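Using the numbering used here, you'd call the opening residue of the sequence shown number 1 and step up by one each time. Inspection log for the structure reproduced underneath, given as structure tokens.
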Amino acid sequence: MITKKPKTRTVEEAISTLEGSGWAWLPRDILDLILERLIQIKDYIRFGVVCKHWRSIALHQNMQSRLESCHKLPPLMIFINQYDNGTSVALHSGTQDKTSRFKLKLNGFPIYDLTKDCGSSHGWLAYADATLEVTLLNPFTGCTITLPPVRTTHGHYIKKVVLSADPSLCPDDFEALVMYMHYSCTKLIKLAHFKSGQDAWTRIDHRRMELSYAMYYRGKFLIWNDHCEICSVDDSSKGTKVLLDYRWVLLAYRSLYVQDSRIYLVESSKGDLLLIMKGPSSEDLHINVFKLLSDLNNEFKCLKIESIGYDALFLDRNQSICVSALEFPECHPNSIYFVNGTFNLENQKMHWRYLSIPTLSAIWSSPTICFENRLYQQQMRVL
């Protein structure tokens with residue numbers, strides 16, 4: 001007896017069947033009840049792409065509170081699948097140590113190296129083309145936001161893009177900072193600042209030292225460099241101010257510090273600014289955490305701490321994310337999640353992470369939901 005293989009339907013055929021059956025036009029209150037019971041972000045996304053009516057429900061302004069609650073998910077690792085020659089990416093949960101086969105919506109977004117292509121901020125991947133036009137991509141929905149090009153002389157490229165907030169939640173109240181440089185001199189970093197509602201990028205004057213990272217903290221962008229300085233960016237004066245020279249910290253812990261150590265800054269769940277110093281050695285790993293205390297002059301002082309309480313930190317070369325294990329029981333408290341393993345501050349031990357799929361590069365990203373593309377004014381200049 002020959003059994004027939006079940007016919008495989010295309011997505012278009014499945015959606016057409018759904019619309020014809022009447023499921024697409026379920027009452028709004030029933031669809032709202034369905035949405036309230038969706039926990040996984042991938043289920044919420046699949047709901048929004050079923051049909052136009054369901055998508056409109058997901059986009060309705062009354063869903064704003066649900067969108068914000070969906071942001072309360074532990075960070076996921078996005079990595080390039082080496083089996084596909086770097087043409088696709090996958091998701092990995094560091095808290096559950098599981099790799100998902102849920103495919104992200106890249107929409108032609110270049111993914112040569114996630115650690116080099118301008119990074120990730122508030123769940124958005126960033127990329128800049130040859131004209132220095134910045135594109136933000138939500139890898140969970142395929143939504144894109146196009147920012148204007150940074151106007152400068154020929155031969156520059158953008159190294160990093162940092163956002164002050166999620167532009168899908170704050171479309172009219174977010175800021176962006178870009179680090180860009182000339183191909184002939186990669187140590188002279190230039191800064192430009194963009195604020196939604198303005199008609200130009202603003203160039204920020206600073207000492208043009210080699211910068212490592214940037215973050216947004218309490219209304220200001222912070223940058224830090226290889227000269228052990230943490231500076232704040234002041235868009236009103238178009239300049240920077242040194243807040244802390246942490247060379248003395250490195251000198252005080254010289255036995256734990258070598259030239260290749262990495263410095264991270266992250267905001268704790270209580271709003272404190274933390275500095276994490278990580279040594280490069282895998283065999284003799286040293287990680288030190290400091291709380292940065294602000295004085296009357298808004299300058300910082302370092303205080304070494306042994307515990308971060310119930311916080312869990314997610315750190316990589318692009319950004320630093322902090323969540324509380326009280327809100328996310330699946331996260332280990334007092335722990336630091338790196339791309340290659342999780343470090344427990346209490347017992348000072350690293351649990352190394354081995355991915356089931358070989359990866360070319362990986363970053364942490366906060367899951368966000370957005371189904372609407374945005375295009376900001378194109379003809380803009382740097383003041």
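The beta carbon of each residue, even a glycine, is placed where N, CA and C say it ideally should be. Since we're looking at a predicted model, the values are computed, not measured.
- Message: Tell me the rounded alpha-carbon separation between Pro-329 and Asn-344.
- Response: 16 Å
- Task: Please report the residue range of the beta strand (DSSP E) in which Glu-267 lies.
- Result: 262-267
- Query: Is His-154 buried or exposed, if buried means 16 or more other CB atoms sit within 10 Å of its CB?
  - Reply: exposed
- Query: Terminal residues of the continuous beta strand (DSSP E) containing Asp-29?
  - Reply: That residue, Asp-29, is in no beta strand (DSSP E); its alpha helix (DSSP H) goes 28-36.
- C-beta contact flag for Gly-122 and Ala-165 at 8 Å: Sequence check: residue 122 is His here, not Gly. The answer is yes: Cβ separation under 8 Å.
- Query: How would you write the range of the beta strand (DSSP E) that Ile-230 sits in, first residue to last?
  - Reply: 229-234
- Per-residue burial, Trp-23 [other beta carbons within 10 Å of its own, 16 or more giving buried]: exposed
- Message: Taking contact to mean 3 or more Cβ pairs, one atom from each stretch, closer than 8 Å, check whether the segment 193-201 and the segment 158-174 are in contact.
- Response: yes
- Query: Since Asp-316 contacts Ile-276 with CB under 8 Å, what's their CB separation in whole angstroms?
  - Reply: About 12 Å separates the two Cβ atoms, so there is no contact after all.
- Own chain partners of Met-215 with C-beta closer than 6 Å, once the 5 adjacent residues on each side are dropped: Leu-222 and Leu-265
- Item | Residue closest to Val-134, alpha-carbon to alpha-carbon, out of Thr-141, Ser-120, Gly-142 and Pro-149 | Pro-149
- Message: Quick test of your reading: Pro-139 and Ile-78, contact by CB under 8 Å. State the CB separation rounded to the nearest angstrom.
- Response: 6 Å
- State the start and end residues of the unbroken beta strand (DSSP E) segment that holds Leu-147. 144-149
- Closer than 7 Å by C-beta to Cys-331: which residues in its own chain qualify, once you throw out the five before and the five after it? Chain order, please. Pro-74, Thr-95, Ala-312, Val-323 and Ala-325
- Query: From Thr-240 to His-53, what does the alpha carbon distance come to, in whole angstroms?
  - Reply: 49 Å
- Query: Where does His-387 fall in DSSP's three states?
  - Reply: For residue 387 there is no data in the structure shown, the boundaries of the chain being 1 and 383.
- For Ile-128, which of helix, strand or coil comes out of DSSP? One detail in the question is off: residue 128 reads as Ala in this sequence, not Ile. Strand at Ala-128.
- Roughly how many whole angstroms lie between the Cα atoms of Thr-144 and Asp-97? 29 Å
- Task: Look at the Cβ atom of Tyr-217, then the Cβ atom of Trp-224, and state whether they are nearer than 8 Å.
- Result: no
- CB contact flag (Leu-191, Leu-177, <8 Å): yes
- Run through DSSP, which three-state label would Ser-365 get? strand
- Query: Closest to Lys-238 by CA distance: which of Ile-263, His-206 and Asn-347 is it?
  - Reply: His-206
- Run the proximity test for Tyr-183: is its beta-carbon closer than 7 Å to any non-hydrogen atom belonging to the ligand FMN? As presented, the structure is devoid of all ligands, the ligand FMN included, so that no description of it is given.
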